[in-house]
Amino acid sequence: MFVITGTSPATDIIAVVFAAGQSVGTQDRSAANQNTVAHFLEGGNETGIGTSTFVTGIATDAFNDRLLAVNGADVMTPVERRAAREILTLLQSYKTASSDGGGPLCDCYPWADISDGSSNNGYDTGRVPLLGALPHTWGSLGITVPTWLTTNRWWWVFFYAIGGPVSESQSGSYLTVNGTYGTSVVLITTGPAGTGRPITSWAGDSDWPTYVDDSSNSDMGTWFDTPSSTAYARDRLYTL
16 MFVITGTSPA TDIIAVVFAA GQSVGTQDRS AANQNTVAHF LEGGNETGIG
66 TSTFVTGIAT DAFNDRLLAV NGADVMTPVE RRAAREILTL LQSYKTASSD
116 GGGPLCDCYP WADISDGSSN NGYDTGRVPL LGALPHTWGS LGITVPTWLT
166 TNRWWWVFFY AIGGPVSESQ SGSYLTVNGT YGTSVVLITT GPAGTGRPIT
216 SWAGDSDWPT YVDDSSNSDM GTWFDTPSST AYARDRLYTL
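According to my numbering, the sequence shown is numbered sequentially starting from 16.
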């Protein structure tokens, strides 16, 4: 991570884009120096790559660098939205494929995961079972889960819930969202990671409050609300 100091300080920066102003002092931007940072950046920015610290400030005769800082939320929030859309499409494809042809097909969404990325029979809340679905596998329904979703462990950080009537058991209640009953699926994207999130182990339902901000959405129940935060990097709730 980089740190920005000066007139526009910032932390937790993952990338910095520079616009070098006109040459100052002894800077020489001839072809011979085109790869020498000190002939383009100044004020400490020319050595920032070694210290992970860069400087912003008002332009003067000795300093005129302009910086654009990019933090994790700038990058990951759009990616998270893309992952959510892809997962919702997979879930709907599962429901549709499991409805075709009758017979032993379940006409349902897959059971949730509570431990390792694969469905656990009978669980209607937890994580999206991208690594292995039940009662039917993804492959048996002709569905391919994109590798980028599994390799990047998106199943680990999204909350997933299904209503009883659209599960294999075909019993129980639908989900209630913002006081309205009848939702089949809730998917919650959980925003940037906080320091309390488990990374390599999972204790169970008690871990969800470190991912999902609102208690009404992390209590493993059937009632859900639109996340209360209005920040750009926040939980987002999607439904089917």
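From the three backbone atoms N, C-alpha and C, an ideal C-beta is built for every residue, glycine too.
- Taking all protein chains shown into account, W169 has 16 or more neighbouring C-beta atoms within 10 Å of its C-beta and is therefore buried.
- A distance below 7 Å between beta-carbons, with the five flanking residues on each side excluded, links T22 to the following residues of its chain, in chain order: T71, G72, I73.
- Collapsing the DSSP output to three states places R44 in coil.
- Here the alpha carbon of S45 sits roughly 19 Å from the alpha carbon of F78.
- Inside the stretch 196 to 232, DSSP marks whole beta strand (DSSP E) runs of 3 or more residues at positions 200 to 204, from first to last along the chain.
- Here S188 is exposed. Its C-beta has fewer than 16 other C-beta atoms within 10 Å.
- The stretch 40 to 57 makes no contact with the stretch 165 to 180, as fewer than three CB pairs between them are under 8 Å.
- For A30, the enclosing beta strand (DSSP E) starts and ends at 25 to 34.
- Using a Cβ-Cβ distance cut-off of 8 Å, the stretch 92 to 101 and the stretch 150 to 170 are in contact, since at least three pairs of beta carbons, one from each stretch, lie closer than that value.
- Each of P150, D122, C123, C121 was checked against the Cα of S134, and the nearest Cα belongs to P150.
- A residue is called buried once 16 or more other Cβ atoms fall within 10 Å of its Cβ, and A34, having fewer, is exposed.
- Buried is the label assigned to I203, since at least 16 other Cβ atoms lie within 10 Å of its Cβ.
- DSSP lists no bridge partner for S38.
- Looking at the DSSP output, L190 shares a beta bridge with T198.
- Counting C-beta pairs closer than 8 Å gives fewer than three between the stretch 105 to 116 and the stretch 83 to 91, which falls short of the contact rule.
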